[in-house]
Amino acid sequence: MKKLIELSNKIKDEKLRKMVVDFLKDLKLSNKHFKKYPKMNIKEGGAMFTVGASTVRRDVLNHTLSVVELCEKTADILEKIVNLELNRDNLIAAAILHDVMKLFEWKRGETGLEHSGIMLDHGTLGVAELYHRGFPEEIVHIVAAHFGETGPTPPRTFEALIFYHLDNMMSLVEFRLASVEEQQHQIQLLLLNDEIVKKLQSENGGEIPGPKKTTARSKKEKKSK
């Protein structure tokens with residue numbers, strides 16, 4: 099959590115900066131009925147991200163760090179090129195906090211990353227906790243709207259609109275990179291070195307084990323049965 103707290107120093111408004119730091123230092127689910135869900139360490143924090151029929155694991159911390167920097171750079175460009183002055187404090191605060199509730203949504207199990215069983219998604223949990231702790235409406239809205247036009251709360255400010263697209267772009271880049279790594283891993287599993295080939299041949303009478311070929315005779319026998 100240390101890196102996210104350090105990022106909070108980018109927030110110029112002292113009161114808002116303190117709210118963000120306090121939120122991170124005391125990250126919890128305030129509702130007593132949700133106390134049963136443990137919080138994952140952010141250094142191990144991951145989440146599953148799905149595009150189409152494919153799902154990959156995503157790193158929560160690095161994703162957040164990337165989105166914060168994207169928000170800063172984009173704000174610079176828009177102010178310089180189109181004279182659009184964004185509320186940087188709101189953008190940075192929302193970027194730091196928008197995914198932290200994934201630490202309750204996912205957990206480390208025996209088979210790796212698993213869903214915690216919680217019945218609300220990280221966005222809903224984040225909005226509820228930010229609302230409960232008295233965050234400004236504009237920041238709560240950015241977090242609520244980070245699912246975009248198809249979500250329950252579409253972006254209604256420039257900050258929310260820009261944040262949604264930056265967050266989505268970063269997610270798609272991470273998905274593509276993770277997909278490539280997974281494909282390479284699968285290919286490596288399929289490649290057999292000479293020693294393994296020789297071992298398999300010696301154990302199977304000079305042949306590599308595989309699916310049995312169906313001969314014309316076997317087809318005929320099956321038909322007769």
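Residue 115 in the numbering used here is what sits at position 17 of the sequence shown, and the numbering runs on without skipping anything.
Beta carbons: idealized from backbone N, C-alpha and C, even for Gly.
Cβ separation of residue i and residue j, assumed to be a contact under 8 Å, to the nearest whole Å
| i | j | result |
| --- | --- | --- |
| L331 | G143 | With the chain represented from 99 up to 323, any question about residue 331 goes unanswered, as that position is not in the structure. |
| E203 | H196 | Between H196 and E203 the Cβ distance is about 13 Å, and since that is not below 8 Å, they are no contact. |
| L264 | L168 | 5 Å |
| F233 | M117 | 6 Å |
Member of the options whose CA lies at the smallest distance from the CA of residue i
| i | options | result |
| --- | --- | --- |
| S164 | E212, L105, V119 and G246 | L105 |
| I237 | A193, K137, K133 and K110 | A193 |
| H131 | T209, H213, L218 and I175 | L218 |
| L259 | I140, N185, P136 and R274 | N185 |
| G221 | V198, E208 and Y135 | V198 |
| V119 | R274, F245 and R231 | R231 |
| M138 | Y229, A191, G207 and T248 | G207 |
Below-8 Å beta-carbon distance, residue i vs any chain C residue
| i | result |
| --- | --- |
| L218 | Included in the structure is just one protein chain, with no chain C present. |
Beta-carbon proximity of residue i to residue j, cut-off 8 Å
| i | j | result |
| --- | --- | --- |
| L122 | I103 | yes |
| S277 | V154 | yes |
| I240 | F256 | no |
| E170 | E177 | no |
| P253 | K205 | no |
| A173 | L114 | no |
Same chain, Cβ closer than 6 Å to residue i, five either side skipped, listed in chain order
| i | result |
| --- | --- |
| N188 | E236, I237 and E257 |
| A242 | V225 and T251 |
Residues near residue i by beta carbon distance below 8 Å, same chain, minus five either side
| i | result |
| --- | --- |
| I216 | F132, Y135, F202, E203 and L223 |
| I140 | M99, L102, V158, L159, V198 and L201 |
| D111 | D187 |
Own chain, CB closer than 7 Å to residue i, minus 5 neighbours either side, in chain order
| i | result |
| --- | --- |
| L211 | G144, M146, R155 and W204 |
Legend entry - Complete runs of the alpha helix (DSSP H) confined to the stretch 141 to 193 [at least 4 residues]: You should have 158 to 179.
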